[in-house]
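Engineer:
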Amino acid sequence: MKRIITATVQDRSGVLNRITGMLHKRQFNIDSISVGKSETEGISKMTFVIEVSDHQNLEQLTKQLNKQIDVIKVSDITEKAIVARELALIKVGSNGHQRAEIQGIISPFRASVIDVSKESMTIQVTGKPDKVEALIELLHPYGIKELTKTGVTAFLRGHQPKAVTDLHATPL
Amino acid sequence: MTLKVKQVPKSETEFMTGADLFIQTLVDEQVDTIFGYPGGAVLPIYDAVYRSKASFKHVLSRHEQGSIHAAEGYARVTGKPGVVIATSGPGATNLITGITDAMMDSLPLVIFTGQVASGVIGTDAFQEADVLGITTPITKYNYQVKTIEELPRVVKEAFHIASTGRPGPVVVDIPKNISAEVTGGSYPNTFSLPGYQPNVNPNPLQITKLAETLSHAKKPLILAGAGVLFSKASAELKEFAEKYELPVANTLLGLGSFPGSHPQMLGMAGMHGTYAANMALYECDVLLNIGARFDDRLTGNLQHFAPNAKVAHIDIDPAEIGKNIPTAIPVVADAKAALQALLAKDIKTDHEDWQKGLQHNKLTFPLWYDRSDELLSPQWLIDQIHQISEGDAIITTDVGQHQMWTAQYYSFDKPNKWVTSGGLGTMGFGFPAAIGAQLGAPDELVVAVVGDGGFQMTLQELSVLKEQQLPVKVIIVNNQALGMVRQWQESFYEERYSESLFVENPDFVKLAESYGIKGVRIEKEADAPEMLEEVFSYNGPVVVDCRVVQKECVYPMIAPGKGLHEMIGVKR
Ligand SMILES: Cc1ncc(C[n+]2csc(CCOP(=O)(O)OP(=O)(O)O)c2C)c(N)n1
Ligand SMILES: [Mg+2]
Numbered sequence: 001m002k003r004i005i006t007a008t009v010q011d012r013s014g015v016l017n018r019i020t021g022m023l024h025k026r027q028f029n030i031d032s033i034s035v036g037k038s039e040t041e042g043i044s045k046m047t048f049v050i051e052v053s054d055h056q057n058l059e060q061l062t063k064q065l066n067k068q069i070d071v072i073k074v075s076d077i078t079e080k081a082i083v084a085r086e087l088a089l090i091k092v093g094s095n096g097h098q099r100a101e102i103q104g105i106i107s108p109f110r111a112s113v114i115d116v117s118k119e120s121m122t123i124q125v126t127g128k129p130d131k132v133e134a135l136i137e138l139l140h141p142y143g144i145k146e147l148t149k150t151g152v153t154a155f156l157r158g159h160q161p162k163a164v165t166d167l168h169a170t171p172l
Numbered sequence: 001m002t003l004k005v006k007q008v009p010k011s012e013t014e015f016m017t018g019a020d021l022f023i024q025t026l027v028d029e030q031v032d033t034i035f036g037y038p039g040g041a042v043l044p045i046y047d048a049v050y051r052s053k054a055s056f057k058h059v060l061s062r063h064e065q066g067s068i069h070a071a072e073g074y075a076r077v078t079g080k081p082g083v084v085i086a087t088s089g090p091g092a093t094n095l096i097t098g099i100t101d102a103m104m105d106s107l108p109l110v111i112f113t114g115q116v117a118s119g120v121i122g123t124d125a126f127q128e129a130d131v132l133g134i135t136t137p138i139t140k141y142n143y144q145v146k147t148i149e150e151l152p153r154v155v156k157e158a159f160h161i162a163s164t165g166r167p168g169p170v171v172v173d174i175p176k177n178i179s180a181e182v183t184g185g186s187y188p189n190t191f192s193l194p195g196y197q198p199n200v201n202p203n204p205l206q207i208t209k210l211a212e213t214l215s216h217a218k219k220p221l222i223l224a225g226a227g228v229l230f231s232k233a234s235a236e237l238k239e240f241a242e243k244y245e246l247p248v249a250n251t252l253l254g255l256g257s258f259p260g261s262h263p264q265m266l267g268m269a270g271m272h273g274t275y276a277a278n279m280a281l282y283e284c285d286v287l288l289n290i291g292a293r294f295d296d297r298l299t300g301n302l303q304h305f306a307p308n309a310k311v312a313h314i315d316i317d318p319a320e321i322g323k324n325i326p327t328a329i330p331v332v333a334d335a336k337a338a339l340q341a342l343l344a345k346d347i348k349t350d351h352e353d354w355q356k357g358l359q360h361n362k363l364t365f366p367l368w369y370d371r372s373d374e375l376l377s378p379q380w381l382i383d384q385i386h387q388i389s390e391g392d393a394i395i396t397t398d399v400g401q402h403q404m405w406t407a408q409y410y411s412f413d414k415p416n417k418w419v420t421s422g423g424l425g426t427m428g429f430g431f432p433a434a435i436g437a438q439l440g441a442p443d444e445l446v447v448a449v450v451g452d453g454g455f456q457m458t459l460q461e462l463s464v465l466k467e468q469q470l471p472v473k474v475i476i477v478n479n480q481a482l483g484m485v486r487q488w489q490e491s492f493y494e495e496r497y498s499e500s501l502f503v504e505n506p507d508f509v510k511l512a513e514s515y516g517i518k519g520v521r522i523e524k525e526a527d528a529p530e531m532l533e534e535v536f537s538y539n540g541p542v543v544v545d546c547r548v549v550q551k552e553c554v555y556p557m558i559a560p561g562k563g564l565h566e567m568i569g570v571k572r
């Protein structure tokens with residue numbers, strides 16, 4: 001199962017290396033990692049999307065992250081009400097008359113064209129990973145020449161619903 | 001031989017460098033012994049050692065691996081961090097085995113490595129190695145000092161991290177320009193580690209739950225590991241086990257945490273554990289693990305590990321709880337604090353039948369061995385050493401058959417007298433570890449039980465034994481073989497003894513003599529008691545080449561992949 005885990009870490013040199021090294025050594029499968037500064041000076045925020053095999057495995061993951069000296073807080077936010085976003089840049093092959101067609105495909109995704117050349121155009125899309133995936137899927141037929149994703153970054157919504165059933169209303 | 005810590009008087013040093021500042025921080029940390037080896041990148045540090053007339057003792061090894069294993073032996077018997085200094089590049093990489101060993105066995109070490117000057121880091125400079133990168137997966141934490149201002153803080157943090165919570169090795173990499181830099185100032189050493197707050201006191205709810213569970217147990221068992229030793233909780237463990245009549249099994253590294261000769265002691269559990277201990281683990285209905293990590297050499301096949309037990313686990317490291325074995329009652333705490341909390345509870349116990357059964361197993365299936373009329377029987381040899389030293393020596397071992405025999409036959413009644421490499425199983429560990437142990441416990445009898453194979457990995461440290469005048473007794477259990485490998489080839493590879501039998505070994509007696517150390521050879525059981533008596537009453541180091549029967553195997557045994565109840569070699 002895929003989990004979204006966030007970690008607040010002390011921004012010390014080597015911290016990313018230490019954490020990815022640990023994940024690698026302990027055989028965790030990393031889908032994506034995104035790292036950036038947080039609202040507090042000297043504190044960074046990491047967001048991991050990681051594949052775990054079961055609950056015991058998940059528990060190990062959060063415990064091993066917590067064990068890192070630089071890690072201040074670890075949260076598994078997969079089942080919480082969250083905002084999760086990633087950004088993708090997609091370069092697709094396109095000649096003149098395909099452009100309008102592609103425009104039509106991307107507009108419901110609120111994606112934008114950020115570069116155009118004779119044979120290609122580059123599209124930027126932001127959103128939940130499934131939305132990004134869906135757009136990539138639709139663009140496949142045009143030939144994807146280059147693709148890059150930032151990985152998911154996420155945190156909790158300001159308001160957390162009380163009932164557990166509500167939680168699944170906002171899946172990843 | 002007690003070492004006093006005195007301050008370095010500033011007036012004696014005409015100028016102050018980063019290295020002087022560094023030495024001062026060690027003095028502040030009450031360091032009394034440093035295990036090290038010089039080289040280019042630590043020349044400023046060694047110059048400061050020279051000029052400071054510091055209060056600590058510096059022990060020059062003959063290989064950096066010797067330094068670090070000595071530091072491990074020192075840490076194991078004193079409970080204080082072992083301190084190591086090595087130069088950059090090859091000096092640092094020579095430490096890797098020892099750092100990993102300390103990480104696996106949770107030994108507090110603070111290791112200082114020299115590094116090339118900050119300006120050339122990353123250029124493949126002479127003797128540059130990415131020590132931070134190399135040691136990240138094998139340390140509890142590591143640092144590279146970036147500025148002279150942060151040096152005192154980093155050193156203080158390093159000692160704090162190494163010696164608190166679950167202990168472990170911490171590496172501090174110091175670029176040469178920083179140790180050479182002249183400075184006038186002193187800098188703050190206060191630190192805050194918001195992400196590192198080891199939990200010492202148990203959650204009262206879990207303690208209540210544990211007490212209730214033990215009250216309902218029909219077949220309870222305590223498994224005591226090295227965590228009991230680190231938290232100095234042996235007295236509490238004994239009181240607790242006696243109060244509620246709970247039987248105890250030890251892990252390899254937990255030996256000494258509960259008296260080996262105690263009637264409630266079932267012995268060591270695991271691959272070469274006793275039948276009584278392993279069957280108790282197999283049959284128990286409540287298993288209380290105190291400070292052990294359910295290593296695979298203990299559990300055997302996980303499917304058959306304590307299949308009917310409700311597992312409770314006391315550990316200072318939450319990540320160990322539930323890692324290998326599903327755990328019903330997790331208690332994240334220091335072992336001593338948890339045992340004290342448990343002692344305050346009212347636990348009703350009623351398991352007479354269980355105890356009778358365990359005693360029956362203990363009496364019916366004791367450890368056994370055959371005597372020999374030619375060479376020595378290795379098990380008998382360990383038994384002899386136990387008798388002569390009255391079970392009161394600090395024993396270090398190397399890795400192999402002799403290690404298992406020592407664990408089986410040197411019954412440890414007191415804590416912190418047992419020094420062995422468990423998690424990593426590092427050949428070459430035992431002899432240098434004895435040097436560190438003797439330096440840490442100058443008034444105690446220290447015996448290094450080593451194999452003829454492993455001893456040859458670090459025997460260059462004999463120079464240190466001589467130089468430091470340490471009365472360590474080195475017992476070579478010489479079977480002319482990599483005995484443990486030979487045993488596995490006998491049992492699992494149809495006696496194809498591939499590269500495990502030595503054609504040549506040195507003359508260990510002459511070898512010792514060439515280092516200026518007394519050498520003795522014992523070849524017959526008949527001669528052994530008297531000769532050993534002589535060895536142990538000799539006031540100085542002795543190397544004893546004990547010729548033992550090559551074909552002896554360590555039994556009983558749980559073969560790889562088998563369960564606790566599938567032991568072989570239980571009876572003759
Ligand atoms: C550094 C290292 N290399 C290899 C091994 C694998 N190994 C485990 S026990 C053993 C044999 C040890 O022989 P010896 O030191 O003579 O002890 P014995 O088993 O004969 O008592 C070997 C090679 C190891 N544990 N450590
Ligand atoms: Mg041998």
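In order, the protein sequence lines correspond to chains D and C. First residue of the first sequence? That's 1 in this note's numbering, and the numbers climb one at a time after it. First residue of the second sequence? That's 1 in this note's numbering, and the numbers climb one at a time after it. We put the CB at the ideal spot given by N, CA and C, even for glycine. Everything numeric in this text was worked out from a predicted model, so none of it was measured.
Measuring straight from C-alpha to C-alpha, what distance separates G291/C and K232/C?
Structural biologist: Locating residue 291/C in the second sequence gives position 291, counting from the first residue. Locating residue 232/C in the second sequence gives position 232, counting from the first residue. Approximately 11 Å between the Cα atoms of the pair.
Engineer: Tell me which same chain residues have a C-beta within less than 7 Å of the C-beta of T13/C, skipping the five on either side of it?
Structural biologist: Within the second sequence, numbered from 1, the residue matching residue 13/C stands at position 13. Unreliable placement is indicated for T13/C, whose pLDDT of 47 sits below 50; the coordinate value is still reported in the next sentence. Here the set comprises D20, R51, S52.
Engineer: Taking the beta carbon of D166/D as the centre, do at least 16 other beta carbons fall within 10 Å, making it buried, or is it exposed?
Structural biologist: Position 166 of the first sequence, counted from the start, is the residue given in the question as residue 166/D. At D166/D the pLDDT is 45, less than 50, meaning the model places this residue with poor confidence and gives no usable figure here.
Engineer: What does the Cβ neighbour count give for K37/D, buried or exposed, with the cut at 16 atoms within 10 Å?
Structural biologist: Numbered from 1 along the first sequence, position 37 holds the residue referred to as residue 37/D. By the neighbour-count rule (16 or more Cβ atoms within 10 Å), K37/D is not buried but exposed.
Engineer: Let's see if you can read the secondary structure: which residues bound the beta strand (DSSP E) around H58/C?
Structural biologist: Along the second sequence, read from residue 1 onward, the residue named residue 58/C stands at position 58. Segment 57–60, the beta strand (DSSP E) holding H58/C.
Engineer: So which residues on chain C does N17/D lean against when the C-beta distance must stay under 9 Å?
Structural biologist: Here residue 17/D refers to the residue found at position 17 of the first sequence. In chain order: L132, G133, T136.
Engineer: Between the region 173–185 of chain C and chain D, which residues of the former have a C-beta closer than 8 Å to a C-beta of the latter?
Structural biologist: Those residues of the region 173–185 of chain C that come within reach of chain D (Cβ to Cβ, closer than 8 Å) do not exist; the list is empty.
Engineer: Straight-line CA distance for H168/D to H55/D?
Structural biologist: Taking the first residue of the first sequence as 1, we reach residue 168/D at position 168. Taking the first residue of the first sequence as 1, we reach residue 55/D at position 55. Only weak support exists for where H168/D lies, its pLDDT of 45 falling under 50; the value from the coordinates is given anyway. Going from the Cα of H168/D to the Cα of H55/D covers about 18 Å.
Engineer: Cα separation between S55/C and T123/C?
Structural biologist: Here residue 55/C is taken as the residue at index 55 of the second sequence, counted from 1. Here residue 123/C is taken as the residue at index 123 of the second sequence, counted from 1. Near 38 Å, if we compare the C-alpha coordinates of T123/C and S55/C.
Engineer: Do K417/C and I385/C have their C-beta atoms within less than 8 Å of each other?
Structural biologist: As a position in the second sequence, residue 417/C is number 417, starting the count at 1. As a position in the second sequence, residue 385/C is number 385, starting the count at 1. Against a cut-off of 8 Å, the Cβ pair of I385/C and K417/C comes out as no contact.
Engineer: Taking a contact to mean a Cβ-Cβ separation below 8 Å, would you say N278/C touches L564/C in this structure?
Structural biologist: To locate residue 278/C, count along the second sequence from 1; it is residue 278. To locate residue 564/C, count along the second sequence from 1; it is residue 564. Yes, these two residues count as a Cβ contact at 8 Å.
Engineer: In chain order, what residues of the same chain have a beta carbon less than 6 Å from the beta carbon of G483/C, not counting five sequence neighbours either side?
Structural biologist: Along the second sequence, one-based indexing puts residue 483/C at 483. Around G483/C: G400, Q401.
Engineer: Of the choices K146/C, K156/C, K510/C, whose alpha-carbon is the least far from that of S118/C?
Structural biologist: Within the second sequence, residue 118/C is the residue found at index 118, counting from 1. S118/C has its Cα closest to that of K146/C, out of K146/C, K156/C, K510/C.
Engineer: Alpha carbon to alpha carbon, what distance is there between V520/C and Y538/C?
Structural biologist: Here residue 538/C refers to the residue found at position 538 when the second sequence is read from its first residue. Here residue 520/C refers to the residue found at position 520 when the second sequence is read from its first residue. For Y538/C and V520/C, the distance between alpha carbons rounds to 12 Å.
Engineer: In whole angstroms, give me the CA-to-CA distance for F431/C and P204/C.
Structural biologist: As a working note, residue 431/C is residue 431 in the second sequence. As a working note, residue 204/C is residue 204 in the second sequence. Their backbone Cα atoms lie some 44 Å apart in a straight line.
Engineer: Anything in the region 4–30 of chain D with a Cβ closer than 8 Å to a Cβ of chain C? List those residues in chain order, please.
Structural biologist: Under the 8 Å Cβ criterion, the region 4–30 of chain D contributes V9, Q10, S13, G14, N17, R18, G21, M22, K25.
Engineer: From D452/C to L363/C, what does the alpha carbon distance come to, in whole angstroms?
Structural biologist: Position 452 of the second sequence, counting from 1, holds the residue named residue 452/C. Position 363 of the second sequence, counting from 1, holds the residue named residue 363/C. Answer to the nearest angstrom: the Cα atoms are 34 Å apart.
Engineer: What is the rounded straight-line gap between the Cα of M121/D and the Cα of V49/D?
Structural biologist: Here residue 121/D corresponds to residue number 121 of the first sequence, with the count starting at 1. Here residue 49/D corresponds to residue number 49 of the first sequence, with the count starting at 1. In a straight line, the C-alpha of M121/D is about 29 Å away from that of V49/D.
Engineer: If we count Cβ pairs, one from each stretch, closer than 8 Å, do we get three or more for the region 28–39 of chain C versus the region 164–184 of chain C?
Structural biologist: Touching, no.
Engineer: For a contact defined as C-beta to C-beta under 7 Å, what are the partners of G322/C on chain A?
Structural biologist: Chain labels in this structure do not include chain A; the protein chains are D and C.
Engineer: Between V71/D and chain C, is the shortest Cβ-Cβ distance under 8 Å, so that the two count as touching?
Structural biologist: For the purposes of this step, residue 71/D is taken as the residue at position 71 of the first sequence. Judged by the 8 Å Cβ criterion, V71/D is in contact with chain C.
Engineer: CB D392/C to CB G260/C, shorter than 8 Å?
Structural biologist: Translated into the one-based positions of the second sequence, residue 392/C becomes position 392. Translated into the one-based positions of the second sequence, residue 260/C becomes position 260. Not closer than 8 Å, so no.
Engineer: Please state whether the Cβ-Cβ distance between L253/C and G422/C is less than 8 Å.
Structural biologist: Translated into positions along the second sequence, residue 253/C becomes position 253. Translated into positions along the second sequence, residue 422/C becomes position 422. Contact flag set, yes.
Engineer: Taking the alpha-carbon positions, what's the S112/D to K91/D distance?
Structural biologist: The sequence position of residue 112/D within the first sequence is 112, counting from 1. The sequence position of residue 91/D within the first sequence is 91, counting from 1. Their backbone Cα atoms lie some 12 Å apart in a straight line.
Engineer: List in chain order: all unbroken alpha helix (DSSP H) runs of 4+ residues lying wholly within the region 55–90 of chain D.
Structural biologist: With a minimum length of 4 residues, the continuous alpha helix (DSSP H) runs that stay inside the region 55–90 of chain D are 55–67.
Engineer: Between the alpha carbons of A102/C and V110/C, how many angstroms are there, rounded?
Structural biologist: Taking the first residue of the second sequence as 1, we reach residue 102/C at position 102. Taking the first residue of the second sequence as 1, we reach residue 110/C at position 110. In a straight line, the C-alpha of A102/C is about 11 Å away from that of V110/C.
Engineer: Tell me the rounded alpha-carbon separation between G98/C and H262/C.
Structural biologist: Looking up residue 98/C in the second sequence gives position 98. Looking up residue 262/C in the second sequence gives position 262. Whole-angstrom Cα-Cα distance: 34 Å.
Engineer: Answer yes or no: the CB of L482/C versus the heavy atoms of ligand 2, is any distance below 7 Å?
Structural biologist: The residue labelled residue 482/C in the question sits at position 482 within the second sequence. Yes.
Engineer: Would you kindly check if the distance between the Cβ of C553/C and the Cβ of V477/C is under 8 Å?
Structural biologist: Position 477 of the second sequence, counted from the first residue, corresponds to residue 477/C. Position 553 of the second sequence, counted from the first residue, corresponds to residue 553/C. Going by C-beta atoms, V477/C is not nearer than 8 Å to C553/C.
Engineer: Using a Cβ distance threshold of 8 Å, determine whether the region 65–75 of chain D contacts the region 10–17 of chain D, with at least three qualifying pairs required.
Structural biologist: Flag = yes, the region 65–75 of chain D and the region 10–17 of chain D touch.
Engineer: Please list, in chain order, the residues of the region 189–218 of chain C that have any C-beta partner in chain D closer than 9 Å.
Structural biologist: Within the region 189–218 of chain C, the residues whose Cβ lies closer than 9 Å to some Cβ of chain D are L193, P194, G195, Y196, listed in chain order.
Engineer: Along the region 155–166 of chain C, where does the CB come closer than 8 Å to a CB of chain D? Name the residues.
Structural biologist: So the close ones are I161.
Engineer: Going by the DSSP bridge assignment, what does Q124/D pair with across the sheet?
Structural biologist: Here the question's residue 124/D lines up with position 124 in the first sequence. Bridge partners of Q124/D: L89/D, S112/D.
Engineer: Give me, in chain order, the residues of the same chain whose beta-carbon lies closer than 7 Å to that of S500/C; leave out the 5 immediate sequence neighbours on both sides.
Structural biologist: In the second sequence, residue 500/C corresponds to position 500, counting from 1. Taken in chain order, the residues that qualify are A481, L482, V485, R486, Q489.
Engineer: Tell me which residues share the same chain as A309/C and place their Cβ nearer than 7 Å to its Cβ, disregarding the 5 neighbours each side in the sequence.
Structural biologist: Start at 1 with the first residue of the second sequence, and residue 309/C comes out as number 309. These residues qualify, in order along the chain: C284, D285, V286, L287.
Engineer: For P318/C, return the contacting residues in chain D, with the cut-off set at a CB-CB distance below 9 Å.
Structural biologist: Position 318 of the second sequence holds residue 318/C. K63, N66, K67, listed in chain order.
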